[in-house]
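Here's the structure we're looking at; comments come further down.
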Amino acid sequence: MQDKPDITPPPLRNDCFALPAGVDWTPVDDALTTLRQRLTPVTGVQEVQVADAEGLVLAQDVQALRSNPPLPNTAVDGYGFARGRPDGAHVLPLIQGRAAAGLPFEGKVPDGSALRVLTGAALPDGVDTVILEEDVKVQDGHIAFRGPLKTGANTRKAGEDLCQGALALPRQRRLTPADLALLSAVGVASVPVRTKLRVAILSTGDELVDPGQTAGPGQIYDANRPMLLSLMRRMGFAPVDMGRVPDDRDALRQRLNQVAERADAIVTSGGASAGDEDHVSALLRQAGAMQEWRIALKPGRPLALGMWDGTPVFGLPGNPVAALVCTLIFARPALGLMAGEGWCEPQAFQVPAAFEKRKKPGRREYLRARIRDGRAEVFHSEGSGRISGLSWAEGLVEIEDGARHIQPGDPVRFIPFASFWP
């Protein structure tokens, strides 16, 4: 009979999320700092018409080619004349003609006389003050009104919004519809922008089948790829669907080689832990770059951050809840930096909690949450297999690395999902 080996079993851990003893876990902030320091913009630059630039990232600062407004003009429909008037009744003769937007008055308004002016009209020579038509009575070629009225009332100065040559928009800005209005107003017809970052999405695992196919025993539908492809589009990147690959290291290596030729970044889901079939992390360790994958967070601690043939790889956990959290917290700012928009911190808000939660020190936690009646509610279960909680939630409650006992009414940090995309 063979002797039993002298092996001491590890201690039993009832909490599957407990941090293993003797393992150095990377804090969330350290992992983010590593990404911020090691990644740089990789996208090219092209010139596009302003009308086609919404959602793209400015590659250079843009200066105003023309002041806005280009000339002093009237802000209201009314009557224009020189200088303000003190308290009391005033009567001024009304000269023939008018000034309208795009149809300036040719000539000069005599001192002590008034002219009909419409909103947006360039102020005629001799006019620096306008009174609203609702405050005026017109009779027998004269206008009558009551003061006081300050000099310059109801007018706009030339360049009061933006002067010619001033900075209109800074580089790294992702352009909004309002930005297009501003650029057009100051005479900018085209802008230099970054080409869209190409982000490849790849699912791994023998257990995965696509929705609509027949799922065999032990197989599940691939929920990650549709979610991640949609996230990339919403974040302003160009997703590249690279399908799924089985738990075969050679097949994964071949697929990664193909992906690296087509994309600027790679996002995988599954295979990012340390098990026998976790080939993503194994291949990234062999590649020898950015191996900080033991991230102290919940959910999503098996996160592989690496390089493959010069292309950054974000190896997400296979669980959709953890995959979403890791995408938002790590991949979003890193991909934004690569896309040329700089490092983007999501906007968060301090709100009172509508829940109680005890948290141990040592890791950062993200709870699926939403705001109701000004308070943050959290999903009834923290189980990372509850995908319905992602649909239920409107954002995340972030709980810092240290110990915390949150009670109803205590302030918590709520990050809306909308803070992660333009």
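Residue numbers (the numbering used here): 6 to 427.
Cβ coordinates follow ideal geometry from the N, Cα and C atoms, glycine included.
Please read all numbers here as calculations on a predicted model, not as lab measurements.
Length of the line joining the Cα atoms of residue i and residue j
i    : j    : result
R178 : S396 : 30 Å
A228 : Q54  : 37 Å
A344 : K364 : 36 Å
L321 : D415 : 32 Å
I420 : V383 : 12 Å
E282 : D57  : Unreliable positioning characterises E282 in this predicted model, as indicated by a pLDDT of 49, which lies under 50. A coordinate reading is not provided.
N19  : H284 : Bear in mind that a pLDDT of 45 at N19, under 50, signals an unreliable position, so the model cannot answer this.
L167 : R230 : 45 Å
E361 : G379 : 16 Å
P222 : A173 : 59 Å
M232 : P338 : 18 Å
C151 : F354 : According to the sequence provided, residue 151 is Arg. The question's Cys does not apply to it. Using only the alpha carbons, I get a separation of about 49 Å.
P317 : R290 : 13 Å
M247 : Q259 : 12 Å
A87  : G117 : 7 Å
G125 : L108 : 10 Å
G388 : D35  : 26 Å
L234 : P366 : 34 Å
S393 : A190 : 46 Å
I148 : E111 : 21 Å
C331 : C349 : 15 Å
L342 : L308 : 19 Å
L261 : Q218 : 25 Å
A139 : V96  : Note on identity: in this sequence residue 139 is Glu, with Ala being the wrong assignment. Going from the Cα of E139 to the Cα of V96 covers about 15 Å.
L185 : G347 : 20 Å
L40  : A183 : 31 Å
V143 : A106 : 22 Å
M237 : K201 : 11 Å
L372 : R409 : 14 Å
V132 : R71  : 23 Å
Cross-strand partners of residue i (DSSP beta bridge)
i    : result
S72  : Bridge partners of S72: none, in fact.
S208 : R249, S274
N78  : A127, R161
K303 : E370
F419 : F354, V402
S195 : Q54
A309 : G320
I376 : A381
I148 : L97, V143
L187 : Beta-bridge pairing links L187 to no other residue.
R179 : V62
T31  : I300
I411 : K362
V67  : L174
V214 : Y226
L167 : N73
L154 : R90
P244 : V204
C-beta contact flag for residue i and residue j at 8 Å
i    : j    : result
R203 : V245 : yes
R299 : T38  : no
G164 : N73  : yes
V209 : D255 : Residue identity differs from the one stated: residue 209 is Thr in this sequence, not Val. Result no, Cβ atoms of T209 and D255 do not sit closer than 8 Å.
T160 : P98  : no
R391 : V402 : no
F242 : P351 : no
L120 : G102 : yes
V196 : L188 : yes
G192 : Q68  : no
P413 : A359 : yes
F422 : G407 : no
V62  : L302 : no
V47  : D269 : yes
G60  : P427 : yes
V214 : A220 : yes
G323 : S386 : no
L329 : L288 : no
I404 : E370 : yes
G89  : K162 : no
M240 : L340 : yes
I334 : V356 : no
D211 : A265 : no
L180 : V250 : no
Cβ distance (whole Å) where residue i is taken to contact residue j below 8 Å
i    : j    : result
Q65  : R176 : 5 Å
L137 : G83  : 5 Å
V135 : T79  : 5 Å
P153 : P91  : 6 Å
A327 : G305 : 4 Å
V114 : I100 : 6 Å
Cβ-heavy atom distance, residue i to the ligand GTP, below 7 Å
i   : result
G49 : Here there are no bound small molecules, and the ligand GTP is not part of this structure.
Cβ of residue i within 8 Å of any chain C Cβ
i    : result
I300 : Although the question refers to chain C, the structure presented lacks it and comprises just one protein chain.
request  = May I have a chain-ordered list of the beta strand (DSSP E) segments no shorter than 3 residues that lie completely inside the segment 81-137?
outcome  = You should have 83-86, 90-104, 119-122, 134-137.
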